[in-house]
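S.K.:
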Ligand SMILES: *Cc1c(COP(=O)(O)O)cnc(C)c1O
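In our numbering, the protein residues as written are 980 to 1377.
(1) Starting from residue 1061, trace the alpha helix (DSSP H) both ways and give me its first and last residue.
(2) Any heavy atom of ligand 1 within a distance shorter than 7 angstroms of the CB on residue 1236?
(3) Using CA atoms only, rank isn't needed, just tell me which of 1232, 1210, 1211 and 1178 is closest to residue 1200.
(4) What span of residues does the alpha helix (DSSP H) with residue 1139 cover, start to end?
(5) From the DSSP output, read off the bridge partner residues of residue 1186.
(6) Going by the CB atoms, is the gap between residue 1344 and residue 1226 shorter than 8 angstroms?
(7) Should residue 1445 be counted as a contact of ligand 1 given a C-beta to heavy atom distance under 7 angstroms?
(8) Shortest alpha-carbon distance to residue 1295 belongs to which of 1358, 1100 and 1149?
(9) With DSSP as the reference, please indicate the residues paired to residue 1297 in a beta bridge.
(10) When every heavy atom of ligand 1 is checked, does at least one fall within less than 7 angstroms of the C-beta of residue 1248?
(11) If we ignore side chains and look at the alpha-carbon of each, how far apart do residue 1117 and residue 1053 end up?
(12) Taking all protein chains shown into account, do 16 or more other C-beta atoms lie within 10 angstroms of the C-beta of residue 1304, making it buried, or fewer, making it exposed?
(13) Report buried or exposed for residue 1368, applying the criterion of at least 16 other Cβ atoms within 10 angstroms of its Cβ.
(14) Check each candidate in 1255, 1236, 1265 and 1243 and name the one with the smallest Cα separation from residue 1069.
(15) Between 1337, 1371, 1354 and 1360, which lies nearest to residue 1378 when the distance is taken from Cα to Cα?
(16) Mind the definition here: the region 1179 to 1196 touches the region 1314 to 1328 only if three or more C-beta pairs lie below 8 angstroms; say whether that holds.
(17) Which residue or residues does DSSP assign as beta-bridge partners of residue 1091?
(18) Could you give the distance in angstroms between the alpha-carbon of residue 1006 and the alpha-carbon of residue 1360?
(19) On the DSSP letters alone, give me the boundaries of the alpha helix (DSSP H) that residue 1173 sits inside.
(20) Tell me whether residue 1300 counts as near ligand 1, meaning its Cβ is closer than 7 angstroms to at least one heavy atom of that ligand.
(21) For residue 1104, I'd like the list of residues in its chain whose CB is within less than 8 angstroms of its CB, leaving aside the five on either flank, ordered along the chain.
(22) Do residue 1354 and residue 1298 have their C-beta atoms closer together than 8 angstroms?
(23) Flag residue 1293 as yes when its Cβ comes closer than 7 angstroms to any non-hydrogen atom of ligand 1, and as no otherwise.
(24) Would you check if there are 3 or more beta carbon pairs closer than 8 angstroms linking the region 1245 to 1261 to the region 1097 to 1111?
(25) By a C-beta neighbour count over all protein chains shown, 10 Å radius and 16 as the cutoff for buried, is residue 1162 buried or exposed?
(26) Taking only three categories from DSSP, how would you classify residue 1349?
(27) Kindly examine ligand 1 and report whether one of its heavy atoms sits closer than 7 angstroms to the Cβ of residue 1370.
(28) Could you check which residue in 1356, 1034 and 1229 has the C-alpha nearest to that of residue 1203?
(29) Just to confirm my understanding: we take residue 1290, look at its own chain, exclude 5 residues before and 5 after, and list those with CB closer than 7 angstroms. What are they?
(30) Using the Cα positions of residue 1206 and residue 1146, report the straight-line distance between them to the nearest angstrom.
(31) Return helix, strand or coil for residue 1066, following the three-state DSSP convention.
(32) Tell me whether the beta-carbon of residue 1136 lies closer than 8 angstroms to the beta-carbon of residue 1157.
(33) If we ignore side chains and look at the alpha-carbon of each, how far apart do residue 1015 and residue 1238 end up?
(34) Would you say residue 1111 touches ligand 1, meaning its beta carbon is less than 7 angstroms from a heavy atom?
(35) For the putative contact between residue 1079 and residue 1188, defined by C-beta atoms under 8 angstroms, what is the C-beta separation to the nearest angstrom?
Structure representation (structure tokens):
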């Protein structure tokens, strides 16, 4: 069965076949030779507007905030990879999340994970609380705690799995059942896993969220976000907000993400491979106290992760023995190959101090409740040779 692009006139039949395996979809889905020239790679349609033959008579494109052909190919690609019907792209991951919350009205309530990306927590607590939306922050590893917060105003359950940086895991199918029995939507931020490792829509999620800035783009050269849904009515509501509020990406950024996705499966395999070896190495290091990595059987999320993910991802957090702040800072300053920086998911390895960097917007009391101490060190393991990464860790930890 061939999928015809969502957009009315412009695209001929896509080469994408829904039965294709993931690696084939990563290279081909949603992407087809340019109908005008035959260009094999998606052209960057650097245009804001489109000629009409008569008022209102056009090829499906009127203005690039609303639709742009480079963006359309990326949106179709994302929908295919997540096994949803529709993709929508935004100028950042936060703009995508913002669009989800704009589905709500004053008085509505959200049950959100207590271990969210810092920027998401900031958006909810510092922006949307003032708009009359109530957020309940709950430990999503326990579905009973979520059930306890459900009431007639609950419109959305919002989770991230695995989380950043504690790697706690939400049982997506269980959460979808709770959301749907309450008449609420389930939104899952799939940034850490990517559809290579986990497809929330196949487990009942209504909205999948991505910061494409991370693994999907994969090269730390673009900031972008996306939503993927499996319901046309919901897509229409989100697309209306996307077009009305206008946080849409430019075609050049869409091109970069399309290019990044072509190697998503290869990169993810190597991220997972390297992370597994590094996690084992850290576990055996005499100066390392605790290692948070989903592939380790002692991780509380291990069993559910093993059941809903293909592999355990490229993220590791750890704490040194003695839990000493000055020593943790010194280690982070000592890396030569790992770069000390925010963000994650690029080909290069990064080290982050979540308490002062990615999660500075989360109050200390909230952070510590979820285990995110000032001594926690987070690694985004890249695709370099793992021997070189271990050599760098060895000299940094000392
Ligand atoms: C980075 C990130 C975001 C925000 O995305 P931006 O592209 O930086 O706006 C949201 N969720 C998670 C899990 C992230 O890592």
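Backbone N, C-alpha and C define an ideal beta-carbon position, used for all residues, glycine too.
Since we're looking at a predicted model, the values are computed, not measured.
M.R.: Considering the structure as presented:
(1) 1048 to 1061
(2) no
(3) 1232
(4) Taken as a continuous stretch (DSSP letters only), residue 1139 belongs to no alpha helix (DSSP H), being part of the beta strand (DSSP E) at 1133 to 1139.
(5) 1166 and 1208
(6) no
(7) With the chain covering 980 to 1377 only, the question about residue 1445 has no answer from this structure.
(8) 1358
(9) 1270 and 1356
(10) no
(11) 34 angstroms
(12) exposed
(13) buried
(14) 1236
(15) Missing from the structure shown is residue 1378; the chain here goes from 980 to 1377 and no further.
(16) yes
(17) 1116 and 1137
(18) 24 angstroms
(19) 1173 to 1176
(20) no
(21) 1114
(22) yes
(23) no
(24) no
(25) exposed
(26) coil
(27) no
(28) 1229
(29) 1176 and 1251
(30) 22 angstroms
(31) strand
(32) yes
(33) 20 angstroms
(34) no
(35) 7 angstroms
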